[in-house]
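Residue 129 in UniProt numbering sits at position 129 of the sequence shown; the count goes up by one each step and never skips. Quick reminder that beta carbons are idealized off the backbone N, C-alpha and C, glycines included. As the structure is a prediction and not an experimental result, all values here were calculated from the model. Below is one structure, written out as structure tokens; the observations come after it.
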Amino acid sequence: MFFSRQSDQFVSIMERYEQSCRNYLKLAPYEDVFSDCKEELHEYLSKEPFIQYMDSMYFDRFLQWKMLERQPISKQNFRQYRLLGKGGFGEVWACQVRATGMMYACKKLEKTNVKKWRGESMALNEKEILEELDSRFVVNLVYTYETKHSLCMVLTMMSGGDLKFHIHKLQKGGLDLNRVRFYAAEVCCGLIHLHQKSIVYRDLKPENILLDDNGHIRISDLGLAVRLSEGKLVRGRVGTFFYMAPEVIGQKKYGMSADWWGLGCLIYEMIAGHSPFRAKGEHPQASELERRIQEVEEDYNQKFSVDAKDLCRKLLTKEPTQRLGCLRSGWKEVKSHPFFKQINFRMLEAGLVEPPFKPDHRLVYCNDVQDIEEFSPVRGVVLNQTDSEFYAKFNTGVNPIPWQNELIETGCFEELNIFGAMGTRTPDLEQLQVTNSPKRRLLRGIFRRRPPSGSDENSYNLIPNEG
1 MFFSRQSDQF VSIMERYEQS CRNYLKLAPY EDVFSDCKEE LHEYLSKEPF
51 IQYMDSMYFD RFLQWKMLER QPISKQNFRQ YRLLGKGGFG EVWACQVRAT
101 GMMYACKKLE KTNVKKWRGE SMALNEKEIL EELDSRFVVN LVYTYETKHS
151 LCMVLTMMSG GDLKFHIHKL QKGGLDLNRV RFYAAEVCCG LIHLHQKSIV
201 YRDLKPENIL LDDNGHIRIS DLGLAVRLSE GKLVRGRVGT FFYMAPEVIG
251 QKKYGMSADW WGLGCLIYEM IAGHSPFRAK GEHPQASELE RRIQEVEEDY
301 NQKFSVDAKD LCRKLLTKEP TQRLGCLRSG WKEVKSHPFF KQINFRMLEA
351 GLVEPPFKPD HRLVYCNDVQ DIEEFSPVRG VVLNQTDSEF YAKFNTGVNP
401 IPWQNELIET GCFEELNIFG AMGTRTPDLE QLQVTNSPKR RLLRGIFRRR
451 PPSGSDENSY NLIPNEG
């Protein structure tokens, strides 16, 4: 009723901002043209409309969904299928949510391996960063839980393989420029989403870029990512040596510049079929590779178009302050480069651009399971109370936004979110028809930090008490 012109409660906010949004779109097409409108709309809805909403059956239904969202998660919630791969701390398995039928990839971190290699901070760092991201260009974390032997992260299922497999196994010698342009544009969007949250990825390479079954890509493996404090930089040789930026190798302080260098390396390898500073099949000494990255200009063959060559050269500039993406306009200058002139980034970010390649669902885009080494848990490592405290931080159950998307995509929300005839309450909602004060207490309880399943730790309130 607030947006219907026939209603006496019509809100004219949208009309007031219509022309200014059009003007913004022409002047700065990469900006959030609706930010001012959204801010005023949020301010309006937070007052009288929200009070009316809290008195309605729709708010009661919202409380039901939030209570369901907070149920403990364990391995019993999933069916486990085939092994997908093996990582440093454990294995990745295909799994299915029993309640909805949604397919995911379950990354299992063996507790003994994590402890032996002191990987607790890396595992928790990846989990906490993924938890706050909601990007179609970065894998989503949907659930976390623990078993007796493993810490488990349930992530977006990416069944189309990684770019390393596509570049070196399926298309030996590199990909065609249309695919390169599309993947580079989506990776660019993923990096921007990370950078907007002050996160430096630091491990951009083909094996960390995964394809879904429709041909879209997502950035994965955020264990080495780091969050920068405002105005601060970081120092440290972190990442994969072939793709490290000169400032990273040189132990200098750096920020987002390392990721734009990584994008240059990725685009180069997608086109040429090998990384910029190592020929195909070559295995240079670390000192020689370090020298090349810091001092030698990369070579370009005939596969590079003029625009592709120019983009790579600007991204692979040795001096980070002169690198594309690090200049005054930041990431906007990357998007506006002529190499991407065929890309409509607004459409791309909305998921409305058709990928140039769609994986065949009958094929498996990874090494045969027979080629995956058997994973052997470490023996002789003893877990103690300190480890249990770490597991409690890790094991937080459902990640709200991806879980809500799962319910919508699988049709469960539409099937279960029903009301009575003529918009009346269903019997389950009659039980929740309570006064405003108990509703507030219930809402406060829902947003408490829930202890993990099996923990004796008391929950604590994240919502301040009234008065």
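Would you mind working out which of the options sits nearest residue i, comparing C-alpha positions?
i, options, result
"Asn384", "Lys47, Lys116, Tyr104 and Pro355", "Lys116"
"Cys189", "Val234, Val139 and Lys314", "Val139"
"Leu263", "Phe10, Leu133, Lys47 and Thr317", "Thr317"
"Arg136", "Val398, Asn399, Thr156 and Glu354", "Thr156"
"Glu69", "Glu430, Leu204, Phe413 and Thr426", "Phe413"
"Asp221", "Gly215, Gly239, Pro246 and Gln196", "Gly239"
"Cys95", "Arg346, Val200 and Met158", "Met158"
Straight-line CA distance for residue i to residue j?
i, j, result
"Met67", "Arg61", "10 Å"
"Glu230", "Lys107", "32 Å"
"Glu373", "Leu83", "A caution first: Glu373 carries a pLDDT of 48, below 50, which makes its placement in the model unreliable, though a value can still be read off. Each residue's alpha carbon lies about 11 Å from the other."
"Leu315", "Ser150", "40 Å"
"Pro284", "Arg292", "10 Å"
"Thr112", "Phe182", "40 Å"
"Lys393", "Tyr145", "10 Å"
"Ala185", "Ile219", "12 Å"
"Gln76", "Asn208", "29 Å"
"Ile73", "Arg328", "46 Å"
"Thr410", "Asn417", "13 Å"
"Ile13", "Ala350", "24 Å"
"Pro464", "Asp36", "At Pro464, the pLDDT of 38 sits below 50, so the modelled position is not reliable; the number obtained from the coordinates is stated separately. Answer to the nearest angstrom: the Cα atoms are 29 Å apart."
"Lys303", "Arg227", "37 Å"
"Gly79", "Lys26", "Per the sequence shown, residue 79 should be read as Arg rather than Gly. So the two alpha carbons sit approximately 49 Å from each other."
"Leu133", "Gly273", "31 Å"
"Arg5", "Tyr17", "16 Å"
"Pro358", "Asn214", "Sequence check: residue 358 is Lys here, not Pro. Roughly 5 Å between the two C-alpha positions."
"Glu319", "Glu298", "15 Å"
"Gln19", "Val33", "11 Å"
"Leu109", "Trp93", "11 Å"
"Phe419", "Gly161", "42 Å"
Contact check, residue i vs residue j under 8 Å by CB: the rounded distance?
i, j, result
"Tyr104", "Val154", "5 Å"
"Asn399", "Glu131", "6 Å"
"Ile192", "Met270", "The Cβ separation is near 19 Å, so there is no contact."
In the DSSP assignment, find the alpha helix (DSSP H) that holds residue i and state where it starts and stops.
i, result
"Gly90", "First-last for Gly90: Gly90 to Val97, but that is the beta strand (DSSP E), not the alpha helix (DSSP H)."
"Lys205", "From DSSP, Lys205 is part of no alpha helix (DSSP H); its letter is neither H nor E."
"Ile249", "Pro246 to Ile249"
"Thr112", "Lys111 to Lys116"
"Arg218", "Where Arg218 is concerned, there is no enclosing alpha helix (DSSP H), although the beta strand (DSSP E) it sits in stretches over Ile217 to Ile219."
"residue 506", "For residue 506 there is no data in the structure shown, the boundaries of the chain being 1 and 467."
"Ala286", "Ala286 to Glu295"
Need the endpoints of the beta strand (DSSP E) that residue i sits in, please.
i, result
"Met153", "Ser150 to Thr156"
"Arg79", "Phe78 to Lys86"
"Leu211", "Ile209 to Leu211"
By DSSP, does residue i sit in helix, in strand, or in coil?
i, result
"Lys26", "helix"
"Tyr365", "coil"
"Gly264", "helix"
"Asp371", "In this prediction, Asp371 has a pLDDT of 46, which is less than 50 and means its spatial position is unreliable; what the coordinates show is noted afterwards. Looking at Asp371 - three-state DSSP - the assignment turns out to be helix."
"Gly397", "strand"
"Thr317", "coil"
"Thr144", "strand"
"Tyr243", "helix"
"Met122", "helix"
"Cys106", "strand"
"Asp360", "coil"
"Val226", "strand"
"Val187", "helix"
"Asp162", "strand"
"Val138", "strand"
"Val381", "coil"
Is residue i near the ligand COA, going by C-beta to nearest heavy atom under 7 Å?
i, result
"Gly90", "With respect to small molecules bound, the structure shown includes none, and the ligand COA cannot be examined in it."
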